[in-house]
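*Asks:*
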Amino acid sequence: MKTITKILLSLSVAGILTSCDAGKNQENGNGELSVIPQPVNIKISTGSFEIKNHTTVYCKSDSLVNAGKYLSQQLGGLEIKSGSGGGINLIIADEEVNGIGSEGYKLNITNRRIDIIANEPAGIFYGIQTLLQMLPPVILNSSGQDYSLGEVSCSEIEDYPRFKWRGLLLDVSRHFFTIDEVKELIDQMAAYKFNILQLHLTDDQGWRIEIKSMPELTDTGAWRVPRTGLWWDREPPKDGEKATYGGFYTQEEIKDLVKYAAERYVNILPEIEAPGHSLAAIASYPYLSSSGKEYKVNPGSKFYGIEDNSLCPGKETTFEYLDKVFSEVAELFPFEYIHIGGDECYKGFWEKCSDCRARAKENGLKDMKELQSYFVKRLEKILESKGKKLIGWDEILEGGLAPNAAVMSWRGMEGGIAAAKAQHKVVMSPFSHAYIDFYQGDPAVEPPTYAMLRLNKVYTFEPVPEGVDSSYILGGQGNLWTESVPSFRHAEYMLWPRSFALSEVFWSPANSRDWPGFVRRTEYNLKRLNQKDINYSTSFYDAIIEPSKDEKGNLLIQLDTEIDGLDIYYTFDNTLPDHHSQLYIKGDKLTIPADADTFRVITYRDGKAIGKLIAVPVTDLVKRVQ
Ligand code: ACM
118 MKTITKILLS LSVAGILTSC DAGKNQENGN GELSVIPQPV NIKISTGSFE
168 IKNHTTVYCK SDSLVNAGKY LSQQLGGLEI KSGSGGGINL IIADEEVNGI
218 GSEGYKLNIT NRRIDIIANE PAGIFYGIQT LLQMLPPVIL NSSGQDYSLG
268 EVSCSEIEDY PRFKWRGLLL DVSRHFFTID EVKELIDQMA AYKFNILQLH
318 LTDDQGWRIE IKSMPELTDT GAWRVPRTGL WWDREPPKDG EKATYGGFYT
368 QEEIKDLVKY AAERYVNILP EIEAPGHSLA AIASYPYLSS SGKEYKVNPG
418 SKFYGIEDNS LCPGKETTFE YLDKVFSEVA ELFPFEYIHI GGDECYKGFW
468 EKCSDCRARA KENGLKDMKE LQSYFVKRLE KILESKGKKL IGWDEILEGG
518 LAPNAAVMSW RGMEGGIAAA KAQHKVVMSP FSHAYIDFYQ GDPAVEPPTY
568 AMLRLNKVYT FEPVPEGVDS SYILGGQGNL WTESVPSFRH AEYMLWPRSF
618 ALSEVFWSPA NSRDWPGFVR RTEYNLKRLN QKDINYSTSF YDAIIEPSKD
668 EKGNLLIQLD TEIDGLDIYY TFDNTLPDHH SQLYIKGDKL TIPADADTFR
718 VITYRDGKAI GKLIAVPVTD LVKRVQ
């Protein structure tokens, strides 16, 4: 649904809007703009410009017509004219504005006009995003001929990104997301100034892109048997069972998606996994693996190390396959890089394969890691022959990095550090700070996944490690793997607000980090997500339960919160805690009454419950410290 339709819909459903949502967005109690990511320089002065439904958008040059249309659409259809005047002016600077680069902008607001000035249309687009966020999250009254969309404070803003790579990854293999859902994600990303969407298009659980020269990849590889249970605990395909879950993008759909993304200054980085994570391809063409066995596309059941999901580097037919697939992929995606995966390649079947052993011998390779390196180097040549650069997960360092490869560091920062020191380009995406498929609150009340990454930790992510030449760090990326994300609604829950934190890490100056300010801006932006009916998590309001053991082995519980200003109440007596229950005093270590069954905890702010009620059986707390 388009944003403005949603606004109008929510207005008619909600009726009168509360006064706390009214006025200018800077009024979040701190005289600051609630813009994410935090702009580089903001000067606020007195007065404001009121944007009305009959305010005109002026485009100073033809190259800005698309940006003008985008702005107009976001605000319900403002009139667009060429030239300049007393409305919102989009202006490519006659002389280069120093210091803001190709994505930066200046936003000058007086009570007579708004000017967004940039060197390139991308900068104008980002200036528009800032302006949109400066409006209050709801329209006060959209009835009648003449209504206000809100006031924006008179101000001078100068802004530009810290990194040129501001990415998010969506895994469309483990669960399939429609083109419309991916477009919706692109809209959401663009609003927070992300500029790269990595689509994880292939894996063991599904192949999601039409390859005309290899039709089985989608006829067979795009489909698996339907399952809804816990990932890795699912029942394997039964004999004769129909593969009905899945889907793929046709090449026409991909072209349309790439265009849609480009209009929002988002590049799509396709990822085609090789040599590991290739079971969907091998289920389609069994000759691609070392063992040559027939397999089914995996539905989320255990198979790793049992079924042969790695492409065989010993056979020439594998490289013929790669050439065909990457020829078509290179044609479809204009972005300079293609991601080849390269992670978690199981090499057990290579060791038993006579072709692999022969290949290793011929090329003087001492082990299977060097054989993987041989594979990636050949793949790099294939990509370069199609005018593309190779990027892969940090395992591509093992056995020797391909000469021009870029590295996406996920197992930590170390791979990225090693690659940067060897003068290769790096994107930092460590699971410790950037894996937004992890839990963001207590596992007792969150949908099941694995590992923990709370909002406050994401906000501490620093993509440039000490001692590394920052010119090799292209930027960073958050990754949404979707083993446990079966719907787009849940993808949104995992993305926001953690991706607010990533957006700020990737765009704003390192020295502008300010957690309390970020929390205030986050709370304001969550209203904006409400307005657009975008789902998000409020887990950052929840209590953090930290069990430990004393020297005698007795269980102790400490409690904490991610944000300041919350009161924590708890019970051990099987009642629901509220503000009359025991108040937790920061730093206390609670001992557990001898026969307590369940520990319950909730947070309050200003006398109102705000966090989720968390109930954990004491036996589960004991397991957490074993
Ligand atoms: C990865 O998470 N295996 C890149």
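Start counting the sequence shown at 118; every next residue gets the next number (the numbering used here).
Don't be surprised by glycine CBs; every beta carbon is placed ideally from N, CA and C.
When you compare the region 545-557 with the region 523-533, are there three or more beta-carbon pairs, one atom per stretch, that lie closer than 8 Å?
*Replies:* With a cut-off of 8 Å, the region 523-533 and the region 545-557 count as touching, because enough Cβ pairs lie within range.
*Asks:* Could you name the residues of the same chain whose beta carbon sits closer than 6 Å to that of I534, not counting the 5 residues immediately before and after it, in chain order?
*Replies:* P582, V585
*Asks:* Could you name the residues of the same chain whose beta carbon sits closer than 8 Å to that of P343, not counting the 5 residues immediately before and after it, in chain order?
*Replies:* T361, Y362, P416
*Asks:* Just verifying my parser: in three-state terms, what is the DSSP assignment at K740?
*Replies:* helix
*Asks:* To the nearest angstrom, how far is the alpha carbon of D138 from that of E167?
*Replies:* Unreliable positioning characterises D138 in this predicted model, as indicated by a pLDDT of 40, which lies under 50. A coordinate reading is not provided.
*Asks:* Is E679 near the ligand ACM, going by C-beta to nearest heavy atom under 7 Å?
*Replies:* E679 Cβ: outside cutoff for every heavy atom of the ligand ACM.
*Asks:* Measuring only the C-alpha atoms, how far is M611 from P565?
*Replies:* One C-alpha to the other measures close to 12 Å.
*Asks:* Here's the rule: buried if 16 or more other CB atoms are within 10 angstroms of the residue's CB, otherwise exposed. What is R229?
*Replies:* Flag for R229 reads exposed.
*Asks:* Quick check: does the Cβ of E461 come within less than 7 Å of any heavy atom belonging to the ligand ACM?
*Replies:* yes
*Asks:* Is it the case that the region 266-283 contacts the region 336-351, given that we only count it when at least three CB pairs across the two stretches are under 8 Å?
*Replies:* The region 336-351 vs the region 266-283: no contact.
*Asks:* Looking only at DSSP bridge pairs, what is D320 linked to?
*Replies:* G323
*Asks:* Going straight from the alpha carbon of F689 to that of V733, what length do you get?
*Replies:* 10 Å
*Asks:* For S270, which of helix, strand or coil comes out of DSSP?
*Replies:* strand
*Asks:* Cβ of W349 within 7 Å of any heavy atom in the ligand ACM?
*Replies:* no
*Asks:* Can you check which of these residues, H697, K706, S629, L646, is closest to D667 by C-alpha distance?
*Replies:* K706
*Asks:* What does the alpha-carbon distance come out to for the pair F452 and N384?
*Replies:* 6 Å
*Asks:* Going by C-alpha distance, which of Q315, N312, W340 is nearest R114?
*Replies:* Shown here, the chain extends from 118 to 743; a query on residue 114 therefore has no answer.
*Asks:* On the DSSP letters alone, give me the boundaries of the alpha helix (DSSP H) that Q250 sits inside.
*Replies:* For Q250, the enclosing alpha helix (DSSP H) stretches over residues 238-251.
*Asks:* Starting from Y610 and walking both ways along the alpha helix (DSSP H), at which residues does that stretch end?
*Replies:* 605-612
*Asks:* For the alpha helix (DSSP H) holding I153, just list the boundary residues, first then last.
*Replies:* Unbroken run through I153: none, as it is neither H nor E.
*Asks:* Nearest by alpha-carbon distance to A378: which of T434, I296, D440 is it?
*Replies:* I296
*Asks:* Would you kindly work out how many angstroms separate the C-alpha atoms of I455 and L676, rounded to a whole number?
*Replies:* 45 Å
*Asks:* Between which residues of its own chain and E144 is the CB-CB distance below 6 Å, once the five residues before and five after are set aside?
*Replies:* With a pLDDT of 48 at E144, under the threshold of 50, the modelled position of this residue cannot be trusted, and the question is left open.
*Asks:* Tell me whether W282, by its Cβ, gets closer than 7 Å to a heavy atom of the ligand ACM.
*Replies:* no
*Asks:* Scan the region 385-430 and note each continuous alpha helix (DSSP H) run of 4 residues or more that stays entirely inside, going in chain order.
*Replies:* 396-401
*Asks:* So does W510 have its beta carbon nearer than 7 Å to some heavy atom of the ligand ACM?
*Replies:* yes
*Asks:* From the DSSP output, read off the bridge partner residues of M525.
*Replies:* DSSP, once it has assigned bridges, lists W510, V544 as partnering M525.
*Asks:* Could you say if the region 425-436 and the region 393-404 meet the contact criterion of at least three C-beta pairs nearer than 8 Å?
*Replies:* yes
*Asks:* What's the call for L126, buried or exposed, on a 16-neighbour Cβ count within 10 Å?
*Replies:* Low per-residue confidence applies at L126: pLDDT is 32, beneath 50, and the placement is therefore not dependable enough to give any value.
*Asks:* Buried or exposed: where does L693 fall if 16 or more other Cβ atoms within 10 Å of its Cβ makes it buried?
*Replies:* exposed
*Asks:* Identify, in the order they occur along the chain, each residue of the same chain with its Cβ nearer than 7 Å to the Cβ of F492, setting aside the five sequence neighbours on each side.
*Replies:* P392, P430
*Asks:* Please classify G728: does DSSP put it in a helix, a strand, or coil?
*Replies:* coil
*Asks:* Per the DSSP calculation, F716 is bridged to which residue(s)?
*Replies:* V733, per the DSSP bridge assignment.
*Asks:* With respect to 7 Å, is the separation between the Cβ of W613 and the closest non-hydrogen atom of the ligand ACM below this value?
*Replies:* no
*Asks:* Bridge partners for M569 per DSSP, in chain order?
*Replies:* Y556
*Asks:* DSSP on C176, reduced to helix/strand/coil?
*Replies:* Strand at C176.
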